[in-house]
Amino acid sequence: MGPPAAARWPRRSIRHSRPAHPPFSPSPDRRHLFVFRISGSHPMSTTIRFAGAAALAVLSLSTALPAAAHIVADPAEAKPGSYFRTALRVGHGCGGGKPTTAIRVTIPEGVVNASAQPKPGWEIRVETTKLEKPVDAGHGRMTDTVVSAISWSGGSLPNEQFDEFGLVLKLSDTVSKQLALPVVQTCAGSEVRWDQIPAAGQRAERPVAMIRIAAGDGVQMAQMNHGHHGQTAAVKAGDIMVEQPFARATPAKVGGVFLTLKNGGGTADRLVKAASPVAANVELHTHIKDGDAMRMRAVENIPVPANGQTALEPGGYHIMLIGLKQVLKEGESFPLTLTFEKAGNVTVSVPVQKAGAPAASGGHDHKH
Numbered sequence: 451m452g453p454p455a456a457a458r459w460p461r462r463s464i465r466h467s468r469p470a471h472p473p474f475s476p477s478p479d480r481r482h483l484f485v486f487r488i489s490g491s492h493p494m495s496t497t498i499r500f501a502g503a504a505a506l507a508v509l510s511l512s513t514a515l516p517a518a519a520h521i522v523a524d525p526a527e528a529k530p531g532s533y534f535r536t537a538l539r540v541g542h543g544c545g546g547g548k549p550t551t552a553i554r555v556t557i558p559e560g561v562v563n564a565s566a567q568p569k570p571g572w573e574i575r576v577e578t579t580k581l582e583k584p585v586d587a588g589h590g591r592m593t594d595t596v597v598s599a600i601s602w603s604g605g606s607l608p609n610e611q612f613d614e615f616g617l618v619l620k621l622s623d624t625v626s627k628q629l630a631l632p633v634v635q636t637c638a639g640s641e642v643r644w645d646q647i648p649a650a651g652q653r654a655e656r657p658v659a660m661i662r663i664a665a666g667d668g669v670q671m672a673q674m675n676h677g678h679h680g681q682t683a684a685v686k687a688g689d690i691m692v693e694q695p696f697a698r699a700t701p702a703k704v705g706g707v708f709l710t711l712k713n714g715g716g717t718a719d720r721l722v723k724a725a726s727p728v729a730a731n732v733e734l735h736t737h738i739k740d741g742d743a744m745r746m747r748a749v750e751n752i753p754v755p756a757n758g759q760t761a762l763e764p765g766g767y768h769i770m771l772i773g774l775k776q777v778l779k780e781g782e783s784f785p786l787t788l789t790f791e792k793a794g795n796v797t798v799s800v801p802v803q804k805a806g807a808p809a810a811s812g813g814h815d816h817k818h
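Positions in the sequence shown are counted from 1; adding 450 to them yields this note's numbering.
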């Protein structure tokens, strides 16, 4: 029958230890490691490590989640009239260990254009709404249709992991002191609404992601945004001038390239192909309306009107780098060959700018 139960396994003790550091702070930038050592002579004795919010959930060490576990915008400060790149940082699932399967953010008043950064394995949906009066959406383009919400769905972010969902927002010149970005986080069979604005001196259980608006002249800021892409000289092919190419630093397998095409001739032309050794595939993309939503789609060509120009920017035409073979690092550059129907081929050097850098430091803060 074997020995009594008490004699089968040696008595084990559980010790809880953690690295020496200052008392726990809810700062989103601080990472904590909790270590549990199961001691005893049994060969299955092991060390189990839990990081951050997962350990707190398992042990119920705190009744409130740390600020790092909330959904926050990072960076969280912008200037009026600027193109502002930020990301929604998701720190955990909805509860019960369930993975996040969808994120939907409402775009507030004061944002005249918005674009989402693609994520492998996730589908992007862009919702729009009509305005009573047209607004300037950038580059002097007036529009009466603005983005009202953006969602990512179809993926799966495990509860114990965090990730970021990137956005580029074009702010109006008269935007208020702060912007709230309400987020609905969906998990398997449940959802959490991060939409609470706490009263002064209070803390919200599910705080909304906030963006602070720094003091500044919106018109001047917009002019600065248009004047700092001069790091790369313009390149000409036939009547087509290629100006202000740039990409953003990213560790992802996809990236975006933005630039301006100017046609100095009296005949329209078309960009029909793009290629780069840094990516397995390069596609021409745009946004199209699908019912009440805007979706990104590949296109066969991008038109460049006679004696006119076409801006490749978030929310419109852009060049997608798919299957990146190397990490795009700040300060580096890579070649991009463009093929035009009439002007032929031209190769430009695309500088890689800092991810999340203010628009004034490197031009439009466009990020796909």
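The C-beta atom is built at its ideal place from N, Cα and C for all residues, glycine as well.
{"query": "Whole-angstrom distance between G705 and L721, CA atom to CA atom", "result": "19 Å"}
{"query": "Residue of K723, G605 and T636 minimising C-alpha distance to P568", "result": "G605"}
{"query": "Neighbourhood of E614 by C-beta distance below 6 Å, restricted to the same chain and skipping five residues each side", "result": "A537 and R539"}
{"query": "Backbone CA spacing between A626 and D586 [nearest angstrom]", "result": "Residue identity differs from the one stated: residue 626 is Ser in this sequence, not Ala. Roughly 17 Å separates the two Cα atoms."}
{"query": "Classification of F484 by the beta-carbon crowding that lies within 10 angstroms, buried from 16 upward", "result": "Only weak support exists for where F484 lies, its pLDDT of 38 falling under 50; the coordinates are left without a value."}
{"query": "Through-space distance from A729 to Q776, alpha-carbon basis", "result": "8 Å"}
{"query": "With 16 other Cβ atoms within 10 Å as the buried cut-off, status of G434", "result": "What the structure shows of the chain is the stretch from 451 to 818, and residue 434 is not part of that stretch, so it cannot be assessed."}
{"query": "Range covered by the beta strand (DSSP E) that runs through Q628", "result": "Q628 to L631"}
{"query": "As assigned by DSSP and simplified to three states, the class of N609", "result": "coil"}
{"query": "Outcome for R698 when other beta-carbon atoms lying within 10 angstroms are tallied against a minimum of 16", "result": "buried"}
{"query": "Backbone secondary structure at V658 - three-state DSSP", "result": "coil"}
{"query": "Own chain, CB closer than 8 Å to A523, minus 5 neighbours either side, in chain order", "result": "T536, A537, L538, R539, L631, A659, M660 and I661"}
{"query": "Whether R575 touches I600 by CB criterion (9 Å)", "result": "yes"}
{"query": "Secondary structure of I557, DSSP reduced to three states", "result": "coil"}
{"query": "Residue range of the unbroken beta strand (DSSP E) whose run includes V692", "result": "I690 to R698"}
{"query": "Under 9 Å between C-beta atoms of K620 and V561", "result": "yes"}
{"query": "Same chain, Cβ closer than 8 Å to C544, five either side skipped, listed in chain order", "result": "T550, Q635, T636, C637, S640, E641 and V642"}
{"query": "CA nearest to the CA of S718, picked from Q694, Q759 and N609", "result": "Contrary to the premise, residue 718 reads as Ala rather than Ser in this sequence. Of Q694, Q759 and N609, the residue nearest in Cα terms is Q759."}
{"query": "K583 in three-state terms, based on DSSP", "result": "strand"}
{"query": "Cβ pair L629, A725 closer than 9 Å", "result": "no"}
{"query": "Test item: CB-CB of I690 and G716 under 9 Å", "result": "no"}
{"query": "Neighbour-count burial assignment, P801, 16 or more Cβ in a 10 Å radius", "result": "buried"}
{"query": "Closer than 9 Å to chain B by CB, N751", "result": "As a matter of chain content, chain B is missing from the structure shown, which is built from one protein chain."}
{"query": "Contacting residues, own chain, Cβ-Cβ under 7 Å from A455 (five flanking each side not counted)", "result": "The predicted position of A455 is uncertain, since its pLDDT is 48 and thus under 50; no value can be drawn from it."}
{"query": "Residues of its chain near S664, where Cβ-Cβ distance is below 6 Å and the 5 sequence neighbours each way are ignored", "result": "Sequence inspection shows Ala at residue 664; the Ser mentioned does not correspond to that position. Same-chain partners within the cutoff: E527 and K529."}
{"query": "S565 versus P727, H768 and L617, residue with shortest Cα-Cα distance", "result": "L617"}
{"query": "Of the residues S603, W602, L607 and E582, the one placed nearest T595, counting alpha carbons only", "result": "E582"}
{"query": "For N751 and G531, the rounded distance between their alpha carbons", "result": "31 Å"}
{"query": "Beta carbon of H520 nearer than 9 Å to that of G541", "result": "yes"}
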